[in-house]
Amino acid sequence: MKHLLSALAALVFAPLCHAADLPPAGAATVIRTLPAKEATQGVANDRQFLYAIQNSTIGKYDRQTGKRVGGWSGDPAIFIHINSCEVQGTELVCAMSDYPHLPMWSSVEWFDTRTMQHTRTHSFGPGRGSLTWIDWHDGSWWACFANYDGDGGEAPRDHRSTLLVRMDPRFSTQEQWLFPEDVLERFGHHSASGGHWGQDGLLYVTGHDAQELYALQLPQAGSRLRHVATYQLPTHGQAFDWDALAANRLWTIDRQTQTLVNSQLSRPPTQ
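Numbered per mature numbering (1 follows the signal peptide of the UniProt record, and there is no 0), the sequence shown spans residues -19 to -1, 1 to 252.
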């Protein structure tokens, strides 16, 4: 425990530096691919199943055989843009928005992983941007409200206004941060499509297009996240999920081929 606390202290109080000055963090090696017709927005997983996300449709696949064993489809006029999901117990918790419509509104949608039925909702309404991902960590909800340049954006905000918001279990705001400026540059005109906290205490984020996974850290002071490292991915952005069965592995999607991709990071995601 003493060694763990020392390591965490070294991480938190490390000198500030630009991520470009750090040595390359490594890359991800493909372990397995699995076709899934819904794999256009993101992927989630538990110990038995994989869930492929496509706006108003979710496919459920047996992770051993790759066979589609269930799914859900909703009214696309209501379920406009489910971007990402994660499994919490027996529930699939999903981030949804009305992208690319205006005004931008967002909600969280819950599904029963056993029956794949929609069970409840929480509306954020308009005001911050489009909810692209949400993650339960350290007793709080951590949510990304994306903003965009051009189509889907809401002036005067652009992609630089993308927010990480920490909320209590009842979704009351606790804290908010902006993203690192160099990561915003890598997002281009889009924003953060996927995000999850890692076991090392870093926040990992993907953009919309670049084949990169960004490791971020809460700042010692101020309201802008720190960019700690970048990992090269075999797929282009979009929502991802840590593998429920293997450390340092993650699931991503190749939206062009509608494929779920399981990859191993070249070294443990720690700094």
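Backbone N, C-alpha and C fix where the C-beta goes; we use that ideal spot for every residue, glycine too.
For S65, is the classification buried or exposed, using 16 other Cβ atoms within 10 angstroms of its Cβ as the cut-off for buried? Position 84 of the sequence shown, counting from 1, holds the residue named residue 65. So S65 ends up on the buried side.
When you compare only the Cα positions, how much space is there between W123 and Q155? Residue numbering aside, residue 123 sits at position 142 when the sequence shown is read from its first letter. Residue numbering aside, residue 155 sits at position 174 when the sequence shown is read from its first letter. C-alpha separation (whole angstroms): 10 Å.
Can you name the residues that DSSP bridges to R151? For this step, residue 151 is matched to residue 170 along the sequence shown. Looking at the DSSP assignment, R151 forms no beta bridge with any residue, so it has no partner.
Spatial neighbours of H118 within its chain, please: C-beta separation below 6 Å, excluding the five flanking residues on both sides. Taking the first residue of the sequence shown as 1, we reach residue 118 at position 137. The residues are W178.
Fully enclosed by the stretch 109 to 160, which beta strand (DSSP E) runs are 3 residues long or longer? 111 to 118, 121 to 127, 144 to 148 and 154 to 159
Have a look at Q35 and L165 and give me their C-alpha separation to the nearest angstrom. Locating residue 35 in the sequence shown gives position 54, counting from the first residue. Locating residue 165 in the sequence shown gives position 184, counting from the first residue. When rounded, the distance between both Cα atoms is 25 Å.
Answer yes if the stretch 93 to 108 comes into contact with the stretch 45 to 62, meaning at least three C-beta pairs across the two stretches below 8 Å, and no otherwise. yes
For chain D, check one thing: does any of its Cβ atoms lie closer than 8 Å to the Cβ of E67? Among the protein chains of the structure shown there is no chain D, as only one such chain exists.
Would you list the residues sitting across from A210 in a DSSP beta bridge? For the purposes of this step, residue 210 is identified with residue 229 of the sequence shown, where counting begins at 1. A210 is bridged to A196.
Can you name, in chain order, every residue of its own chain whose Cβ lies under 6 Å from the Cβ of N26, other than the five neighbours on each side? In the sequence shown, counting from the first residue as 1, residue 26 sits at position 45. If we look at N26 and ignore the five residues flanking it on each side, its Cβ neighbours are D222, A225 and W232.
Looking only at C-alpha atoms, which of A9, I39 and T10 sits nearest to A17? Stepping through the sequence shown from its first residue, residue 17 is reached at position 36. Among A9, I39 and T10, the Cα nearest to that of A17 is on I39.
Does DSSP put E72 in a helix, a strand or coil? Taking the sequence shown and counting its residues from 1, the one referred to as residue 72 is at position 91. Correct three-state label for E72: strand.
Could you check which residue in F152, S172, W114 and R13 has the C-alpha nearest to that of N128? As a position in the sequence shown, residue 128 is number 147, starting the count at 1. Among F152, S172, W114 and R13, the Cα nearest to that of N128 is on S172.
State the beta-bridge partners of G182 as determined by DSSP. Position 201 of the sequence shown, counted from the first residue, corresponds to residue 182. According to DSSP, G182 bridges with nothing at all.
Do the stretch 187 to 196 and the stretch 137 to 155 make contact, defined as three or more Cβ pairs closer than 8 Å? no
Of the residues Y195, F30 and Y80, which one's Cα is nearest the Cα of V68? The sequence position of residue 68 within the sequence shown is 87, counting from 1. Per the Cα distances, F30.
Quick one: grab the DSSP three-state call for E162. Here residue 162 is taken as the residue at index 181 of the sequence shown, counted from 1. Reduced to three states, the DSSP call for E162 is helix.
Go through its chain and collect everything with a Cβ distance to I12's Cβ below 8 Å, but skip five positions before and after it. Counting from one through the sequence shown, the residue named residue 12 turns up at place 31. Cβ neighbours of I12 beyond the five flanking positions: R230, N243, S244 and Q245.
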